[in-house]
Amino acid sequence: MIGQHFNPEPINKLILILLLSLFTTQSDIYIPEHFTGCGYSYLAEHQNYDHTMRLLDKQAAQFVSSKKALYTLPVVCHIIHNNGSENISDDEVIAAIEDLNEAFENIGYYDPTTGVNADIEFCLALRTPDENASNGIIRTESTLTDFAYDIDDINLKNLSRWDPNHHINIWIVKEIRTTHSGSGVAGYATLPASHGRAIDGIVVESRFLNQSKSETTVLVHEMGHYLGLYHTFQGGCINSDCSTSGDHVCDTPPDNSTSRVPCDAPANSCNSDVNSGFSSDQNDMINNYMDYSALECYNAFTEGQRNRMHYFIENIRQSLLDSKACQSPCLNPIGIGPVQSSFETVTGAAFQINPDITGANDYSWMIDGTLHSTNNIFEHVFNAPGDYLIELIVENGDPNCDQILSFEVDVDCDIEFEIISDATYLEVGDVANFSHQTQNEDDIYWYINDQPYSIANAISYSFINEGYYEICLEASNTYCSETKCVAIIVSDNAPQCNDSKLVQYETNGPWINAMESIGDQVIGGGSIEGCSALLFFDESLNIEESFTLSDCNGWLVNYLTYDELDHIYIGCNNVDNESILIIKYQLSSRTIIWQRSIHHTERINYRARILLYGNSVFLQGQMDGVIHGCDALLIELNAEDGMMLNDIVYHLGSCETFSASIISNNSIISAGRFNNAGGGQSKFRFAVATMNLNADIQWCNLYTVGLEGNARTYATHILDTGNSLVLAGFGDYHGTGVNDIDLIFQEIDYDGDIVRHHSYTTNQGNTYRPRAFTILPNGYLLFGDFIDASGIDRSFILSISKLGVPLSFRAIERSVATHLSTAEIVGGQI
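Here the sequence shown stands for residues 362 to 1191, where the numbers follow the working numbering.
Quick look at the structure:
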């Protein structure tokens, strides 16, 4: 029998990364020809992570701020100096923060007639992270006050840093340089995608914090980046949708200029303004803090920019709002011992939280924001399953010492049961029996295909028609109900698949590890007595020809790809897995055209599939790095001579694996698994990534189970239907097992959004592994192997409809114990 899970949400998949935005100053190098501005030259090396900000941009576009009161955000200024003029005074720092506040409030020097009050203010921290008094100004002596940001950014920030989750770190230095363009950078900042990381914050040169209100706009500009604003000239004049084009703000006119023009001289570099809702073409907003114009011109944020900053404060940088850095130090601290942050219980059970707290005299327990009790111990009986947020506010009369503790409580239904069935491989006319083992239920009800059937403890059912059946049992009590289902596929007495063409080769014969079909011809790849070899089979699977490919030094053919032009491309690994060998082989002449050995001292365990596109050969897969561990790999070779054109290793998370790849819509689409949340195998997730033909990541998603839980899921196959992408895989949704696993079917659109997701389980065995996946006129065919309940190796064929519903399931007995490592579907046969 086969059961299913449905429609998990995609997991936002990427480790957050630094996105620098540079703000240059001198007119002759304001935007130097060899510098691309706003850190994008640096970003280009890290395009794997740009997807994070693009996801946030989509969400920010839908946000409308309803904030009426001020956001107050804590700032700490780290003056990195070498006893020079860059060691500015406390008064200069305090004046700069006052100017920053005036600019965001849109008052005083910063013309209130031209912009809006951003409803954001900043305070210099009044307490250190360890609860000592502070003025929010830290001084550190170092030669890194004059540094190259593209190589020493993290080294600078490691000199002095307060928790970036609760403080805006501003590093003040003498000179910011780059290794490729020298000086001329006044400041840079990380975007919200980097929130809480060691790199997060703002770097600004001290000369722009000299009590000059116009020059303090450098800090205003960088704070805008820190809170999620792009340059007004982001994306140039493209403006098909102002919420997703340009700077993603609709009330800043499109801008395609970085020229410094006089403040009273109108400039208009775009004519696409009306697409943003303007009634007519608008001049460039050279007075906007996020423009590249003269510093003395800056005096305005717009309402749209205000909304965008509020989105990032409320949703991404919200931990700043929980910071107590703007309060004086606590003089009478409340002691809190080790606290468990998450709990599990069931409905109807007495539940208690008893934290170890000293020095408090007032307690307020909240359940989802509603006051529950003022006792020092939380006690409650939950009457309904769900996830509950329990908060404890503890006080001792000192307003600077209040503490808020949060607890997540997962309440499950207290009913436990399993469906028991003797159903195996059913055909029309068969009868199956179903019963249950249940605890804590008051009532039960059986359903067959959503129709009420019986309230008996056990039922029998005669399956008179072929098709897909769901047998469900609903159990309920005073608090809750639970429903479990088993799925049955009933076949129409079709003949069982058999192993009439299963051929076992002699013990010392060929090892077959790869297959490729060319018309009705099947070619295998593997090794013969330690030599990589090609094998040509006849219709009875007998070997007609075999050709040794290498010098018999332990190479094994792992992958074969046919180019439709008389050539087959062969991928080989040596026995030590330290190198990979690519061969271009001409079938008609049975000769090698070229071969390329790829070896790197910092890489081992190459595993790469071969993709062909135009005049390029792409190797897509995985290798184990000596430094970074296992990572995804893409190598591009010239198809004519095998010369290397590109060599990219992706650090998307931990232990990326691309198990299957295709080329579609001028993109390389790869499926596999990786971990971006720590925790080892329990965070491996079914993954899909898309690269352009230059190897730049376009998007990457994790699927199946949220990263907060433990699971281990893999994508193994990918197909392009012409309208969507369809994937197959396997995994454990509840742990890290390799036996108790589900088969996975998923359809996504070309942007990575889920169309449908199903997982299939069976009571006939375990250790399911997909080996081949293909498109049929009415759906899909998945072929693989498993171990049945008695421990015998079997193969299976699962037919799936276009909606992901199982249509038929066949278990295939094999007359010999074999392990299937590859499969091809040729002429209606597997």
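We put the CB at the ideal spot given by N, CA and C, even for glycine.
Identify the residues that DSSP records as bridge partners of Tyr1011: which are they? Ala993
Here's the rule: buried if 16 or more other CB atoms are within 10 angstroms of the residue's CB, otherwise exposed. What is Pro1138? exposed
Rank Ala1048, Val454, Ser977 by C-alpha distance to the C-alpha of Gly1113 and give the top, closest one. Ala1048
Other residues of its chain near Leu692: CB distance less than 8 Å, five sequence neighbours each side excluded: Asp759, Asn761, Cys762
By Cβ distance, which residues of its chain are closer than 6 Å to Gln713, with the 5 residues on each side in sequence left out? Glu740
In whole angstroms, what separates the C-alpha of Tyr814 from that of Tyr822? 10 Å
Check whether the Cβ atoms of Leu434 and Asp480 sit closer than 8 Å, and answer yes or no. no
Under a three-way DSSP split, which group does Cys687 fall into? coil
Going by other Cβ atoms of all chains shown within 10 Å of its Cβ, with 16 needed for buried, is Val742 buried or exposed? exposed
Residue of Glu788, Asp775, Ile718 minimising C-alpha distance to Asn757: Ile718
When burial is assigned at 16 or more other CB atoms within 10 Å of the CB, is Ala547 buried or exposed? Counting Cβ neighbours within 10 Å, Ala547 comes out buried, since at least 16 surround it.
In the DSSP assignment, the alpha helix (DSSP H) including Ala430 goes from what residue to what residue? No alpha helix (DSSP H) contains Ala430, which DSSP labels as neither H nor E.
Counting pairs of beta carbons, one from the region 478 to 498 and one from the region 686 to 700, are three or more of them closer than 8 Å? Yes, the region 478 to 498 is in contact with the region 686 to 700.
Where Gly400 sits in the DSSP three-state scheme: Because Gly400 carries a pLDDT of 35, less than 50, the predicted location of this residue cannot be relied on, and the following value inherits that uncertainty. Residue state, collapsed to three classes: coil.
Short Cβ contact (8 Å threshold) for Gly1145 with Ser1160: no
Would you check if the distance between the CB atom of Ala486 and the CB atom of Val437 is smaller than 8 Å? Yes, the pair counts as a contact, with Cβ atoms nearer than the cut-off.
First and last residue of the alpha helix (DSSP H) that includes Ile512? 510 to 518
Kindly indicate which three-state DSSP category Cys890 falls into: helix, strand or coil? At residue 890 the sequence reads Glu, which differs from the Cys that was named. Here Glu890 sits in coil by DSSP.
Give the straight-line distance between the Cα atoms of Ser901 and Tyr808, rounded to the nearest whole angstrom. 48 Å
By Cβ distance below 7 Å, which residues in the same chain neighbour Pro856 in space, the five residues on each side in sequence not counted? At Pro856 the pLDDT is 46, less than 50, meaning the model places this residue with poor confidence; the figure from the coordinates comes in the next sentence. Answer for Pro856: no residue qualifies.
Would you say the region 919 to 935 touches the region 967 to 977, given that touching needs at least three Cβ pairs under 8 Å? yes
Counting along the chain, where does the beta strand (DSSP E) carrying Met1052 start and finish? 1046 to 1053
Residues near Arg538 in its chain [Cβ-Cβ closer than 6 Å; skip 5 each side]: Ala509, Ser544
Within the same chain, show all residues whose beta-carbon is closer than 6 Å to that of Asn859, passing over the 5 residues directly before and after it, in chain order. With a pLDDT of only 49 at Asn859, under the threshold of 50, the placement of this residue in the model should not be trusted; the figure read from the coordinates follows. Non-local C-beta neighbours of Asn859 in its own chain, meaning closer than 6 Å and more than five positions away in sequence, are absent.
For Thr922, does the three-state DSSP call read helix, strand or coil? strand
When every heavy atom of the ligand MN is checked, does at least one fall within less than 7 Å of the C-beta of Gly932? No copy of the ligand MN appears in this structure; indeed no ligand is present at all.
Member of Asn443, Lys845, Asp1101, Thr731 whose CA lies at the smallest distance from the CA of Ile831: Reading off the sequence shown, one finds Glu at residue 831, where the question assumed Ile. Closest by C-alpha distance to Glu831, out of Asn443, Lys845, Asp1101, Thr731, is Lys845.
Val792 burial status per 10 Å Cβ neighbour count (16 or more: buried): exposed
Quick check: what's the CA-CA separation for Leu834 versus Ile780? 8 Å
Here's a check: name, in chain order, each residue in its chain whose Cβ is nearer than 6 Å to the Cβ of Leu753, leaving out the five neighbours to either side. Trp726, Leu766
For Phe704 and chain C, any beta-carbon pair shorter than 8 Å? Absence of chain C from the displayed structure is noted, only one protein chain being present.
Buried or exposed: which applies to Pro746, given that a residue is buried once 16 or more other Cβ atoms fall within 10 Å of its Cβ? buried
Helix, strand or coil: how does DSSP classify Ala1172 here? strand
Under the three-state DSSP convention, the category Asp1149 falls into: Of the three classes helix, strand and coil, the one that applies to Asp1149 here is strand, per DSSP.
How should His582 be labelled, buried or exposed, when 16 other C-beta atoms within 10 angstroms of its C-beta is the threshold for buried? buried
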